[in-house]
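Asker: In the working numbering, the protein residues as written are 3 to 393.
Quick one: the structure is below, questions incoming.
Shown next as structure tokens:
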């Protein structure tokens, strides 16, 4: 499947580390820098978060084209170019003194996100390892799952010591000095060819219709999962306080989300890895509703149970974004399919924090039920899929 001598472990370390840098310097950046950027530019922090939402939409729109390019040429060069785009966007952001340059910088970062986050990495692994890419997909999510854990403290320290502009500039240097060489160290992928099958005529048309139906179900499921993940993550402490938890209880419970995500990914890499990814995805979509039920039944004392289940579900669904389409459709055309499937989820992820924030404001703790119902609907969509859906 590939040219080059890099073993799977080296590929996972290189891709996972580069993805950690990409997430930390884009998606997780406003959590630390929104306030100082807004203060310096005389804006409300909402403008910075709005720019991030726009960047997410741009990255989603680019997904199918990026995936098709990886299907055609492999991901090594495209991922390397993403580092240059990220660096350019960060440098432009560091030079922003008004809204126009701020928006232009986040447009550039949105392009970088479309080229350099998980979907592109998953497609690259599918091009290198084909149908055997599941373990490597899980591996890079284990590493990049620490993007916020590592990125937030580093960004905070840089902004405190040197200012937010220097923080952006140093992240740009990290892209060029570290992430770019890591991506260039990846093996080149050899061309993939669709194997000729025995089915022709009406049976081929039936297969295409089955694949389209499966892709629609997956797109809906990931869109619902993204709505829950992005929305709840953004306002988790506020939601727990609305349920009766003290601020201290809410922060303590929220701190368990990260370890729960990593723990669930380790479970996926081990025991769950023996089963079809559909099982993992179905279990993951049930975790948030079960957590909400526990929170309703036990009150604030069971807030840690909710956050652990919520975090575990998020951890597994992140992996399923790569492993489920690979298992259902195979490696040929994987990048384009993942890009199309992921497009709605980028949109729901972009508006979810605002939508759920308004729900908490007007509905209070009942907003958690909205997320639970979205997860249940995604679970029902997964029940309509079979392991041989598009075979």
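Quick reminder that beta carbons are idealized off the backbone N, C-alpha and C, glycines included.
Measure the C-alpha to C-alpha separation of residue 217 and residue 330 and round it to an integer number of angstroms.
Answerer: 9 Å
Asker: Starting from the Cα of residue 70, find the closest Cα among 52, 43, 117 and 57 and give me that residue.
Answerer: 117
Asker: Quick one: which unbroken alpha helix (DSSP H) runs of 4-plus residues sit fully inside the segment 216 to 273? Chain order, please.
Answerer: The qualifying runs are 249 to 256 and 259 to 271.
Asker: Leaving out the 5 sequence neighbours to the left and right, which residues in its chain are closer than 8 Å to residue 171 when beta-carbon positions are compared?
Answerer: 92, 93 and 96
Asker: Are the CB atoms of residue 332 and residue 308 within a distance shorter than 8 Å?
Answerer: no
Asker: Which of helix, strand or coil does DSSP assign to residue 386?
Answerer: coil
Asker: Hey, could you find the ends of the alpha helix (DSSP H) residue 131 is sitting in?
Answerer: The continuous alpha helix (DSSP H) containing residue 131 extends over residues 120 to 131.
Asker: Taking the DSSP output, what are the residues bridged to residue 283?
Answerer: None, per the DSSP bridge assignment.
Asker: Taking the straight line between their C-alpha atoms, what separation do you get for residue 374 and residue 382?
Answerer: Each residue's Cα considered, the two are about 12 Å apart.
Asker: Under 8 Å, do residue 266 and residue 306 count as touching if we go by C-beta distance?
Answerer: No, the Cβ-Cβ distance between residue 266 and residue 306 is not below 8 Å.
Asker: For residue 246, which residues of its own chain have a beta-carbon under 7 Å away from its beta-carbon, when the five flanking residues on both sides are left out?
Answerer: 301 and 302
Asker: Thinking C-beta only, is residue 129 closer than 8 Å to residue 65?
Answerer: Going by C-beta atoms, residue 65 is not nearer than 8 Å to residue 129.
Asker: Mapping the DSSP letters down to three states, classify residue 168 as helix, strand or coil.
Answerer: For residue 168, the three-state secondary structure derived from DSSP is helix.
Asker: How would you label residue 178, buried or exposed, when you count the other beta carbons within 10 angstroms and need 16 or more for buried?
Answerer: exposed
Asker: State the DSSP-derived secondary structure class of residue 135, mapped to helix, strand or coil.
Answerer: coil
Asker: Which of the three DSSP states is assigned to residue 323 in this structure?
Answerer: helix
Asker: Sorry if obvious, but does the Cβ on residue 129 come closer than 7 Å to a heavy atom of the ligand NAD?
Answerer: In terms of ligand content, the structure shown is empty, and the ligand NAD therefore cannot be addressed.
Asker: Report the three-state DSSP secondary structure of residue 191 (helix, strand or coil).
Answerer: Collapsing the DSSP output to three states places residue 191 in a strand.
Asker: Can you have a look at residue 322 and say buried or exposed, based on whether 16 or more other CB atoms are within 10 angstroms of its CB?
Answerer: It is buried - the Cβ of residue 322 has at least 16 other Cβ atoms within 10 Å.
Asker: Can you give me the Cβ contacts of residue 181 inside the same chain, cut-off strictly under 6 Å, excluding the 5 residues immediately before and after it?
Answerer: 20, 23 and 85
Asker: Does the segment 225 to 232 come within contact of the segment 340 to 356, defined as at least 3 CB pairs closer than 8 Å?
Answerer: yes
Asker: Can you round the beta-carbon distance between residue 287 and residue 314 to whole angstroms, since I take them to be within the 8 Å contact cut?
Answerer: Actually they do not touch by this definition, with Cβ atoms about 11 Å apart.
Asker: Would DSSP call residue 31 helix, strand or coil?
Answerer: coil
Asker: Ignore the nearest five residues each way along the sequence and tell me which others in residue 319's own chain have a CB closer than 6 Å to its CB.
Answerer: 227 and 286
Asker: Would you grab the beta carbon distance between residue 280 and residue 384 for me? Rounded to a whole angstrom, and I think it's under 8 Å.
Answerer: 6 Å
Asker: Could you work out which residue in 67, 72 and 343 is closest to residue 215 when comparing CA atoms only?
Answerer: 343
Asker: In terms of residue numbering, what span does the alpha helix (DSSP H) encompassing residue 49 cover?
Answerer: For residue 49, the enclosing alpha helix (DSSP H) starts and ends at 47 to 75.
Asker: Quick one: Cα of residue 207 to Cα of residue 337, how far?
Answerer: Reliability of the predicted coordinates at residue 207 is poor, the pLDDT of 48 falling under 50, and the value obtained from them is presented with this limitation in mind. Using only the alpha carbons, I get a separation of about 22 Å.
Asker: Tell me, to the nearest whole angstrom, how far the beta carbon of residue 1 is from that of residue 18; I am working on the premise that it is less than 8 Å.
Answerer: No answer is possible for residue 1: it lies beyond the span of the chain, which begins at 3 and ends at 393.
Asker: Kindly indicate which residue of 82, 160, 103 and 102 has the alpha-carbon position closest to the one of residue 119.
Answerer: 82
Asker: If you compare alpha carbons, which of 252, 219 and 25 is closest to residue 151?
Answerer: 25
Asker: In or out: residue 222 buried (at least 16 other Cβ within 10 Å) or exposed?
Answerer: Residue 222 comes out buried.
Asker: Quick one: is residue 29 buried, meaning 16 or more other Cβ sit within 10 Å of its Cβ, or exposed?
Answerer: With 16 or more Cβ atoms within 10 Å of its Cβ, residue 29 is classed as buried.
Asker: Report the three-state DSSP secondary structure of residue 98 (helix, strand or coil).
Answerer: coil
Asker: Using the rule of at least 16 other Cβ atoms within 10 Å of the residue's Cβ for burial, across every protein chain shown, is residue 339 buried or exposed?
Answerer: buried
Asker: For residue 252 and residue 243, which I take to be in contact (beta-carbon distance under 8 Å), what is that distance rounded to the nearest angstrom?
Answerer: 5 Å
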